[in-house]
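Let me begin by presenting the structure, written as structure tokens, before commenting on it.
Residue numbers (our numbering): 845 to 992.
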């Protein structure tokens, strides 16, 4: 369960609590050259919350640097087949973090990560962590786990 489970249904794969600078990240288990990241948004009345979404990368899980900040336009993904697509050519990372600035909740449907030269989503089934959980962090009857 989560944003790296392969399920794209327009709902949320994870959900943080309302907090300052909420984040979600995936551990790719080794540093890889990145090609692109596809982000599928939650597709209901809350889709606009991701207007200023940031993408940060890290080789060690401690030192993150920003590589992208969204321009404020709304994006969906599952219903229209147009997820947010971020080119990451010349970037390498083990950890990919998505974060919202300010006081907000972060919730997305699915996150896919592609590495140079491989057509498959390397994020599928990888371990993920998030800054907090809330009562909405339950999906399909199973509780999402906050990992640190």
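Just so it is clear, CB atoms sit at the ideal spot from N, CA and C, and this is done for glycine as well. In this text the structure is predicted, and so the values were computed from the model without any measurement.
Alpha carbon of residue i to alpha carbon of residue j, nearest angstrom
{"i": "residue 987", "j": "residue 847", "result": "Legend: pLDDT at residue 987 = 42, less than 50; position of this residue unreliable, value from coordinates given subsequently. The alpha-carbon atoms of residue 987 and residue 847 are separated by roughly 13 Å."}
{"i": "residue 896", "j": "residue 913", "result": "6 Å"}
{"i": "residue 877", "j": "residue 891", "result": "30 Å"}
{"i": "residue 886", "j": "residue 904", "result": "29 Å"}
{"i": "residue 856", "j": "residue 951", "result": "6 Å"}
{"i": "residue 924", "j": "residue 917", "result": "15 Å"}
{"i": "residue 859", "j": "residue 979", "result": "9 Å"}
{"i": "residue 854", "j": "residue 931", "result": "22 Å"}
{"i": "residue 919", "j": "residue 943", "result": "16 Å"}
Simplified DSSP state of residue i, which is helix, strand or coil
{"i": "residue 891", "result": "helix"}
{"i": "residue 964", "result": "coil"}
{"i": "residue 987", "result": "The predicted position of residue 987 is uncertain, since its pLDDT is 42 and thus under 50; a value taken from the coordinates is nonetheless stated next. Residue 987 falls in the strand class under three-state DSSP."}
Same chain, Cβ closer than 8 Å to residue i, neighbours up to 5 away in sequence not counted
{"i": "residue 852", "result": "884, 921, 922, 953 and 954"}
Cβ shell of residue i (< 6 Å), same chain only, five flanking positions each side left out
{"i": "residue 850", "result": "968"}
{"i": "residue 863", "result": "976"}
{"i": "residue 911", "result": "899, 901 and 935"}
{"i": "residue 915", "result": "none"}
Candidates the options: closest to residue i by CA position
{"i": "residue 973", "options": "868, 903 and 854", "result": "868"}
{"i": "residue 841", "options": "882, 936, 893 and 892", "result": "Nothing about residue 841 can be reported from this structure: the residues present for the chain run from 845 to 992 only."}
{"i": "residue 976", "options": "861, 916, 918 and 957", "result": "861"}
{"i": "residue 941", "options": "957, 965 and 893", "result": "957"}
{"i": "residue 966", "options": "875, 945, 854 and 855", "result": "875"}
Beta-carbon spacing of residue i, residue j below 9 Å
{"i": "residue 938", "j": "residue 871", "result": "yes"}
{"i": "residue 933", "j": "residue 960", "result": "yes"}
{"i": "residue 971", "j": "residue 906", "result": "no"}
{"i": "residue 880", "j": "residue 929", "result": "yes"}
{"i": "residue 893", "j": "residue 947", "result": "no"}
{"i": "residue 963", "j": "residue 865", "result": "no"}
Residues near residue i in its chain [Cβ-Cβ closer than 7 Å; skip 5 each side]
{"i": "residue 909", "result": "900 and 901"}
Near the ligand MG: residue i beta-carbon under 8 Å from a heavy atom
{"i": "residue 967", "result": "Summarising the ligand content, the structure contains no ligands, and the ligand MG is consequently not present."}
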